[in-house]
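S.K.: Note that UniProt numbering gives residue 46 to position 46 of the sequence shown, counting from 1, and the numbers run on in steps of one.
Using N, Cα and C, we set each Cβ at its ideal position, and we do this for glycine too.
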Amino acid sequence: MNIHEYQAKRIFKDYGINVANGILVANLNETKEALDVLQTDKFILKAQIHAGGRGLGGGVKITKDKQEALEWVASMLNTRLITKQTSKDAMLVEKIYIEEAIKFKQEIYLSLTFDRNNESISLIVSKNGGISIEEAAQISPHLIKNISIDPQIGLCLFHVQELVVFLDINKELALKLHETILKLYQIYIQKDANLIEINPLVLTQDDEIYALDAKISFDDSALFRHPEILALSDPSQADPSENEAKEQKLNYIKFNGSVGCVVNGAGLAMATMDIIKELGADAANFLDVGGSATSDGVAKAFRLILKDKNVKVIFVNIFGGIVRCDRIASGVIKACKEIGLDVPVVVRLDGTNAKEAMQMLKESALKGLHASQNLLDGAKLAVKLAKETSL
1 MNIHEYQAKR IFKDYGINVA NGILVANLNE TKEALDVLQT DKFILKAQIH AGGRGLGGGV
61 KITKDKQEAL EWVASMLNTR LITKQTSKDA MLVEKIYIEE AIKFKQEIYL SLTFDRNNES
121 ISLIVSKNGG ISIEEAAQIS PHLIKNISID PQIGLCLFHV QELVVFLDIN KELALKLHET
181 ILKLYQIYIQ KDANLIEINP LVLTQDDEIY ALDAKISFDD SALFRHPEIL ALSDPSQADP
241 SENEAKEQKL NYIKFNGSVG CVVNGAGLAM ATMDIIKELG ADAANFLDVG GSATSDGVAK
301 AFRLILKDKN VKVIFVNIFG GIVRCDRIAS GVIKACKEIG LDVPVVVRLD GTNAKEAMQM
361 LKESALKGLH ASQNLLDGAK LAVKLAKETS L
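1) With distances taken from CA atoms, which of I198, K380, M358 is nearest I275?
2) What distance in whole Å lies between the Cβ atoms of S241 and D168, which are believed to be in contact at a cut-off of 8 angstroms?
3) Quick check: is any heavy atom of the ligand ATP less than 7 angstroms from the C-beta of K367?
4) Hey, does V262 have any beta-carbon neighbour from chain D nearer than 8 angstroms?
5) When the Cα atoms are used, what is the spatial distance from I187 to Y15?
6) Starting from the Cα of E119, find the closest Cα among V165, T180, Q106, N194 and give me that residue.
7) State whether the stretch 298-316 contacts the stretch 256-267, with contact taken as three or more CB pairs (one from each stretch) at a distance under 8 angstroms.
8) By the 10 Å Cβ neighbour count, where 16 or more other Cβ atoms means buried, how is Q152 classified, buried or exposed?
9) Helix, strand or coil for D115, going by three-state DSSP, please let me know.
10) Is V259 helix, strand or coil by DSSP?
11) Check whether the stretch 63-77 and the stretch 105-122 touch, using three or more Cβ-Cβ pairs below 8 angstroms as the test.
12) Assign G267 to one of two classes, buried (16 or more other C-beta atoms within 10 Å of its C-beta) or exposed (fewer than that).
13) Under 8 angstroms between the Cβ atoms of V347 and L366?
14) What is the residue span of the beta strand (DSSP E) that S217 lies within?
15) What residues in its chain sit with their C-beta under 6 angstroms from that of S217, if we drop five residues either side in the sequence?
16) Would you mind sorting K171 into buried or exposed? The rule is 16 or more other CB atoms within 10 Å of its CB.
17) Kindly indicate which three-state DSSP category G368 falls into: helix, strand or coil?
18) Give me the Cα-Cα distance between Q106 and D115, rounded to the nearest whole angstrom.
19) At the level of alpha carbons, what is the spacing between residue 402 and N78?
20) Return the bridge partner residues of R348 from the DSSP annotation.
21) To the nearest angstrom, how far is it from the Cα of A8 to the Cα of A214?
22) Tell me whether A47 sits in a helix, a strand or coil according to DSSP, three-state version.
23) Could you give the distance in angstroms between the alpha-carbon of T86 and the alpha-carbon of K355?
24) Identify whether T180 lies in helix, strand or coil by the three-state DSSP scheme.
25) Please classify S132: does DSSP put it in a helix, a strand, or coil?
26) Cβ of N146 within 8 angstroms of Cβ of I124?
27) Among the residues of its own chain, which have a CB less than 8 angstroms from the CB of E338, if the five just before and after it don't count?
28) Let me know the secondary structure DSSP gives I139 once reduced to three states.
29) For a test of the three-state rule: what should DSSP assign to L250, helix, strand or coil?
30) Express the C-alpha separation of N251 and G378 in angstroms, rounding to a whole number.
31) Using 8 angstroms as the threshold, is the C-beta distance between L38 and I23 below it?
32) Roughly how many angstroms lie between the CA atoms of L60 and K46, to the nearest whole one?
33) Mapping the DSSP letters down to three states, classify Q106 as helix, strand or coil.
34) If you reduce the DSSP assignment to three classes, tell me which class I124 lands in.
35) Which value, in whole angstroms, describes the spacing of the CA atoms of A357 and I189?
36) Please determine, among L184, I229, D192, the residue with the shortest C-alpha to C-alpha distance to I209.
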């Protein structure tokens, strides 16, 4: 789960990490009050959306003029902002965070994230703060340091010492950097985060360390342990279909392809999307009906998928381990009859009661419903139909 920058900075502040004074606003009256309260001659205004790249996308404004600040807030609030990290549908800006500007002499990139390949926590620092880490990795890879931390041992002094040598900073700043990284690591562990990113973390003119930006993502599976974090959720930043799927206890993630995928299990979902991609098309979604899928659940999944007008075909790929394939077939037939599908449906069922399920599909004689005996043939047919329907 992602949270907004202003929320992440409140967590930083709770742990004693320096952040600039800031006020969240949602209308012009609040903006006027904030501009009068903040003690600064320069303001930084930031659109609050769950995506990076806001500066290049026009979602960050630096100004000394209060009237200009008001005009910018008026033009940005309740509009949709597109950045390199948003979809083409953009994200709704409902809040602006206004901060006091801070003068600094050096900016760096710093993040903590989990490295699944090495089963360790990566502490990544770049001397090139202020630009994306992907861009820094391309143009100046020698300015990036990646340190692996064994989560069983935790953050140690030698990890920080390695960074101090890399950054070539003095002893006083090294002590402050150690303290800041230690607090960030505590947040990462104690809050079950899977990413903390600060870009930039700056060294000020008076040798203090400030987080000028803040991004935190949390492990969804651990949110039950953190109601205070769950309370920070902002449904307006998610696709409406994803919110609806959560209410119906379906796992749904929207993509930009044309093949709607109804599957059970994350592994099968990944394999399904991979083979669709390999065959020359793209998945429109990841919809996992789960291991206890019912006919009603499948019908709900169909209704959800069909709200995406990019979907040109639905590919149902289910392996019946615990779930029975005949129940899935019943749900597919029910959905086809009740919803009145206007896109073709390809169904591949294997496992428990698959034979009976295929017979049910065949006897239904529904137009546009295609049964497949295996994954490859089913995927090929789905991709072919998607391309034909798109013409």
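M.R.: So, from the listed chains and residues:
1) The shortest Cα separation from I275 among I198, K380, M358 belongs to K380.
2) The Cβ separation is near 49 angstroms, so there is no contact.
3) For the structure depicted, the ligand ATP is absent and the ligand set is empty, with no information on it obtainable.
4) No chain D appears in this structure, which consists of one protein chain only.
5) Taking the CA atoms as reference points, I187 sits about 8 angstroms from Y15.
6) Cα-wise, what sits closest to E119 is N194.
7) Enough Cβ pairs lie closer than 8 angstroms, so yes.
8) Exposed, by the Cβ-count rule.
9) Under the three-state reduction of DSSP output, D115 falls in the strand class.
10) In the structure shown, the three-state DSSP call for V259 is strand.
11) In the pairwise beta carbon analysis, the stretch 63-77 is classified as not touching the stretch 105-122: fewer than three pairs are separated by under 8 angstroms.
12) Result: exposed.
13) In this structure, L366 does not lie closer than 8 angstroms to V347 by Cβ.
14) That run of the beta strand (DSSP E) goes 215-218.
15) Within the same chain, S217 has close Cβ partners N2, N194, L195.
16) The Cβ neighbour count for K171, taken over all protein chains shown within 10 Å, is under 16; the residue is labelled exposed.
17) Three-state DSSP puts G368 in coil, outside helix and strand.
18) Approximately 27 angstroms between the Cα atoms of the pair.
19) This structure does not reach residue 402, given that the chain is present from 1 up to 391, and the question cannot be answered.
20) The partner list for R348 (beta bridge, DSSP) reads N317, S372.
21) About 6 angstroms.
22) The answer is strand: DSSP assigns A47 an E or B state.
23) Going from the Cα of T86 to the Cα of K355 covers about 43 angstroms.
24) DSSP places T180 in the helix class (H, G or I) of the three-state scheme.
25) S132 falls in the coil class under three-state DSSP.
26) With contacts defined as CB atoms closer than 8 angstroms, N146 and I124 qualify as a contacting pair.
27) Within the same chain, E338 has close Cβ partners A299.
28) I139 falls in the helix class under three-state DSSP.
29) Coil.
30) Approximately 22 angstroms between the Cα atoms of the pair.
31) In this structure, I23 lies closer than 8 angstroms to L38 by Cβ.
32) The sequence shown places Val at residue 60, rather than the Leu named in the question. The straight-line gap from Cα to Cα measures roughly 5 angstroms.
33) Here Q106 sits in strand by DSSP.
34) I124 falls in the strand class under three-state DSSP.
35) Distance between the alpha carbons of A357 and I189 is about 47 angstroms.
36) Selection L184, I229, D192 evaluated against I209 yields L184 as nearest (Cα-Cα).
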